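Asker: Questions regarding the structure given below will be posed in turn.
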Amino acid sequence: MSAKGALVLFSGGQDSTTCLAWALSRYARVETAGFDYGQRHAIELAVRPAILQQLRGFSAEWDARLGDDHMLDLSLIAQISDTALTSQTAIAMQENGLPNTFVPGRNLLFLTVAATLAYRRGLDVLVGGMCETDFSGYPDCRDDTIKALQVALNLGMATRLTLETPLMWLDKADTWRLAREVGGTALVDLIRRDTHTCYLGERGALHDWGYGCGECPACALRARGYRQFAAAEKRLIQA
């Protein structure tokens, strides 16, 4: 257990919930930050409070470690970008090879704002769910980007902040597996039922992997990863 304090970028989705549980298992003090940036799937913000409350119930230790939640207004992102995540635009690939769900500068701004908050709150670590192994080609999810930003933030703020990305080299099946490792079946079930990942904000039918349209890139990744995870778990039981 580290005595350091951590600020987790917590959207209310699968990845950030897994990262929050990971942080609660490692750091003595954990706070969370969410961002309202005019996202099309704003339902993710609505599910956050219930997830936080349920995580408190996992153990007395997690309840004691989980501190304040901070909701930050970054609506300027929607004002200066034109993407399928900030407008009612059909999801498609662009000529530059990136999907139009890529919001330029989003993670860079998230981490910079979070670093400012962490500085004020006396927190030593930022935890984000960026992943290079199983992602949609977003350049601001790459390990090199995160490492470069850590250097820039520490130089610019004269601090020793560490950026942790526990999912960086995991695929989605591994992410489900990490959730089981840090929080057991109860955390896997919470992620299935209560987190939100779907880019279209769909929460109609509950699938085996959770709620969502089942068609957008986020749903496709989540569903495929869950079924790979569930198949591997079944093989272990039968072995």
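Start counting the sequence shown at 0; every next residue gets the next number (numbering that gives the first Met the number 0).
Ideal placement from N, C-alpha and C gives every residue a C-beta, glycine not left out.
In this text, all values refer to a predicted model and were calculated from it rather than measured experimentally.
1) Taking only the alpha-carbon atoms, compute the straight-line gap between A20 and Q78 and give it to the nearest angstrom.
2) Rounded to a whole number of angstroms, what is the C-alpha to C-alpha distance between D244 and A22?
3) Do L54 and D68 count as a contact pair if the criterion is CB distance below 8 Å?
4) Per DSSP, what are the beta-bridge partners of A49 in this structure?
5) Taking Q38 as the reference, give the member of A229, G200, R226, S15 with the closest Cα.
6) Measuring only the C-alpha atoms, how far is A91 from M70?
7) To the nearest angstrom, how far is the alpha carbon of Q227 from that of R120?
8) Closest to Q149 by C-alpha separation, out of L169, L177, V112, Y137, would be which residue?
9) Going by other Cβ atoms of all chains shown within 10 Å of its Cβ, with 16 needed for buried, is R221 buried or exposed?
10) Between K308 and A117, what straight-line distance do the alpha-carbon atoms span, to the nearest angstrom?
11) Can you give me the start and stop residues for the alpha helix (DSSP H) that L73 sits inside?
12) Helix, strand or coil for T184, going by three-state DSSP, please let me know.
13) With DSSP run on the structure shown, which of helix, strand or coil describes D207?
14) Quick one: is L189 buried, meaning 16 or more other Cβ sit within 10 Å of its Cβ, or exposed?
15) Can you tell me the Cβ-Cβ gap for V181 and S24, rounded? I've got them flagged as a contact below 8 Å.
16) From which residue to which residue does the beta strand (DSSP E) around F34 run?
17) What are the uninterrupted segments assigned as beta strand (DSSP E) that are 3 or more residues long and contained completely in the region 115-169, given in chain order?
18) Quick check on DSSP: helix, strand or coil for A217?
19) Which same chain residues, not among the five before or five after R179, have their C-beta less than 6 Å away from its C-beta?
20) If we call anything under 8 Å between Cβ atoms a contact, is W175 one with E131?
21) Consult DSSP for S86 and reduce its assignment to one of helix, strand or coil.
22) Between which two residues does the alpha helix (DSSP H) holding S15 run?
23) Which same chain residues end up closer than 6 Å to Y26 when comparing Cβ atoms and leaving out the 5 residues on each side of it in sequence?
Answerer: For this structure:
1) Here residue 20 refers to the residue found at position 21 of the sequence shown. Here residue 78 refers to the residue found at position 79 of the sequence shown. Whole-angstrom Cα-Cα distance: 33 Å.
2) Nothing about residue 244 can be read from this structure; the chain reaches only from 0 to 238.
3) Residue mapping note: residue 68 aligns to position 69 of the sequence shown, counting from 1. Residue mapping note: residue 54 aligns to position 55 of the sequence shown, counting from 1. Not a contact, by the Cβ cut-off of 8 Å.
4) Position 50 of the sequence shown holds residue 49. Answer is none; A49 lacks a bridge partner.
5) The count along the sequence shown starts at 1 and reaches residue 38 at position 39. When each option's Cα is compared against that of Q38, the closest is G200.
6) Locating residue 91 in the sequence shown gives position 92, counting from the first residue. Locating residue 70 in the sequence shown gives position 71, counting from the first residue. A caution first: A91 carries a pLDDT of 49, below 50, which makes its placement in the model too unreliable to give a value.
7) Locating residue 227 in the sequence shown gives position 228, counting from the first residue. Locating residue 120 in the sequence shown gives position 121, counting from the first residue. Their Cα atoms are separated by approximately 39 Å.
8) Sequence index remark: in the sequence shown, residue 149 carries index 150 (1-based). Answer by Cα proximity: V112.
9) Taking the sequence shown and counting its residues from 1, one reaches residue 221 at position 222. With 16 or more other Cβ atoms within 10 Å, it is buried.
10) Since the first residue of the chain shown is 0 and the last is 238, residue 308 is not available in this structure.
11) The residue labelled residue 73 in the question sits at position 74 within the sequence shown. Segment: none, L73 is in no alpha helix (DSSP H) and carries neither H nor E.
12) Translated into the one-based positions of the sequence shown, residue 184 becomes position 185. In the structure shown, T184 sits in a helix (DSSP, three-state: H, G or I).
13) Taking the first residue of the sequence shown as position 1, residue 207 is located at position 208. D207: coil per DSSP, three-state reduction.
14) As a position in the sequence shown, residue 189 is number 190, starting the count at 1. That one is buried.
15) Your numbering for residue 181 matches position 182 in the sequence shown. Your numbering for residue 24 matches position 25 in the sequence shown. Contact annotation, V181 with S24: C-beta distance approximately 5 Å; criterion of less than 8 Å satisfied.
16) In the sequence shown, the residue the question calls residue 34 occupies position 35. Residues 26-35.
17) 124-126, 161-163
18) The residue given as residue 217 occupies position 218 in the sequence shown. DSSP, reduced to helix, strand and coil, places A217 within a helical segment of the structure shown.
19) In the sequence shown, residue 179 corresponds to position 180, counting from 1. V187, listed in sequence order.
20) Residue numbering aside, residue 175 sits at position 176 when the sequence shown is read from its first letter. Residue numbering aside, residue 131 sits at position 132 when the sequence shown is read from its first letter. Not closer than 8 Å, so no.
21) For this step, residue 86 is matched to residue 87 along the sequence shown. Since pLDDT at S86 reaches only 47, below the 50 mark, its modelled position is unreliable, and the value read off the structure follows with that caveat. Residue state, collapsed to three classes: coil.
22) Residue numbering aside, residue 15 sits at position 16 when the sequence shown is read from its first letter. First-last of the alpha helix (DSSP H) with S15: 13-23.
23) As a position in the sequence shown, residue 26 is number 27, starting the count at 1. Taken in chain order, the residues that qualify are S1, K3, A5.
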